[in-house]
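Here's the structure, in structure tokens; my notes come after.
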Amino acid sequence: MSEGQAMIDDDPPLLSVEGLGKRYGRHVGCTDVGFDLWPGEVLGIVGESGSGKTTLLNCTAGRLAPDSGRVLYRDRLGETRDLHGMSEPERRMLMRTDWAFVHQEPREGLRMGVSAGANVGEPLMAMGARHYGEIRQAAGDWLGRTEIDLGRIDDTPMTFSGGMRQRLQIARALVAEPRLVFMDEPTGGLDVSVQARLLDLLRGLVTELGLAAIVVTHDLAVARLLSHRLIVMRQGRVVETGLTDQVLDDPQEPYTQLLVASVLQP
Numbered sequence: 023m024s025e026g027q028a029m030i031d032d033d034p035p036l037l038s039v040e041g042l043g044k045r046y047g048r049h050v051g052c053t054d055v056g057f058d059l060w061p062g063e064v065l066g067i068v069g070e071s072g073s074g075k076t077t078l079l080n081c082t083a084g085r086l087a088p089d090s091g092r093v094l095y096r097d098r099l100g101e102t103r104d105l106h107g108m109s110e111p112e113r114r115m116l117m118r119t120d121w122a123f124v125h126q127e128p129r130e131g132l133r134m135g136v137s138a139g140a141n142v143g144e145p146l147m148a149m150g151a152r153h154y155g156e157i158r159q160a161a162g163d164w165l166g167r168t169e170i171d172l173g174r175i176d177d178t179p180m181t182f183s184g185g186m187r188q189r190l191q192i193a194r195a196l197v198a199e200p201r202l203v204f205m206d207e208p209t210g211g212l213d214v215s216v217q218a219r220l221l222d223l224l225r226g227l228v229t230e231l232g233l234a235a236i237v238v239t240h241d242l243a244v245a246r247l248l249s250h251r252l253i254v255m256r257q258g259r260v261v262e263t264g265l266t267d268q269v270l271d272d273p274q275e276p277y278t279q280l281l282v283a284s285v286l287q288p
């Protein structure tokens, strides 16, 4: 992605994370993490297993309560809200409308026992849509956009391949036109050819819809393809941050250098 698709300097950030910290007993999940995210920008978070990247994502997305720090979000009215200061109903509404989450395991983001069309239509119903024909039409449109045959609209995800389930989860996540999408290893566990197709789909949709996104991945190739900026984490701390190509092509910190070198090794 080009840097030009990212932030507009004069715009305030869509999301600001300030001093975020989370511990599990003696283990540090993340500590004193801060960053801003602008509309239309994709931020990648990378690091080895146990680096704290998923903890950071879950605290930022409101799925896990941090021990310290704040997550500030600028809503559609331009008002800045403290995520963890919201009531539970307010957070639930936010996550039905402005925010979406794409899990590594599609089962966590889908209802496996209902049809593909119902999976995509349910978020619209949660927002108040009631016209069956219009809901079904929107679901069909999103199946097409995520490269799922319309003839599978009444089939359940149980009958889908792993790649199709992930595309269905993406359709369900994006049908309500969120402004911010959180992705946790969105191509993890898929075959290489399926990963490539899914990455092309994700990149196209993020660009087309002007989405802001935070993507956690252990795969530096995924980070390079999807993200404008990169955060590198180690043992719960941010060790390096910058434009994605700069961080990956000219890493400044020894840990980032080792991370990049390990990918380049035959």
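In this note's numbering, the protein residues as written are 23 to 288.
Cβ coordinates follow ideal geometry from the N, Cα and C atoms, glycine included.
State yes or no: is the C-beta of residue i within less than 7 Å of the C-beta of residue j?
i, j, result
"A198", "P145", "yes"
"L36", "R118", "no"
"G56", "G41", "yes"
"P61", "A243", "no"
"A122", "V203", "yes"
"R158", "G139", "yes"
"I175", "G155", "no"
"S38", "D58", "yes"
"Q126", "E207", "yes"
"V282", "P273", "yes"
"T76", "V238", "yes"
"D104", "R114", "no"
Assuming residue i contacts residue j (C-beta within less than 8 Å), just tell me the rounded distance between them.
i, j, result
"G211", "G173", "Not a contact, Cβ separation roughly 26 Å."
"V64", "V254", "No, V64 and V254 are not in contact; Cβ-Cβ is about 16 Å, not under 8 Å."
"R225", "L248", "6 Å"
"N141", "L190", "6 Å"
"T209", "L221", "6 Å"
"V269", "I192", "Not confirmed; about 26 Å, so no contact."
"G258", "V68", "Rounded, the Cβ-Cβ distance is 14 Å, inconsistent with contact."
"H240", "S137", "Not quite, the Cβ-Cβ distance comes to about 33 Å (not below 8 Å), so this is no contact."
Around the C-beta of residue i, are 16 or more other C-beta atoms found within 10 angstroms, so that it is buried, or is it exposed?
i, result
"S73", "buried"
"Q279", "exposed"
"P88", "buried"
"V285", "exposed"
"D213", "exposed"
"T102", "exposed"
"L252", "buried"
"R194", "buried"
"E308", "Residue 308 lies beyond the stretch modelled for the chain, which goes from 23 to 288, so this question has no answer here."
"G232", "exposed"
Can you give the Cα-Cα distance for residue i and residue j, rounded to whole angstroms?
i, j, result
"G135", "M180", "7 Å"
"P128", "R187", "6 Å"
"G150", "L78", "32 Å"
"L86", "Y46", "12 Å"
"D267", "G131", "31 Å"
"A160", "D177", "16 Å"
"R99", "M205", "Note that residue 99 is Leu in the sequence shown, not Arg. For L99 and M205, the distance between alpha carbons rounds to 25 Å."
"P200", "R48", "36 Å"
"E275", "A245", "18 Å"
For chain D, check one thing: does any of its Cβ atoms lie closer than 7 Å to the Cβ of residue i?
i, result
"D97", "Going by chain labels, chain D is absent from the structure shown, which holds only one protein chain."
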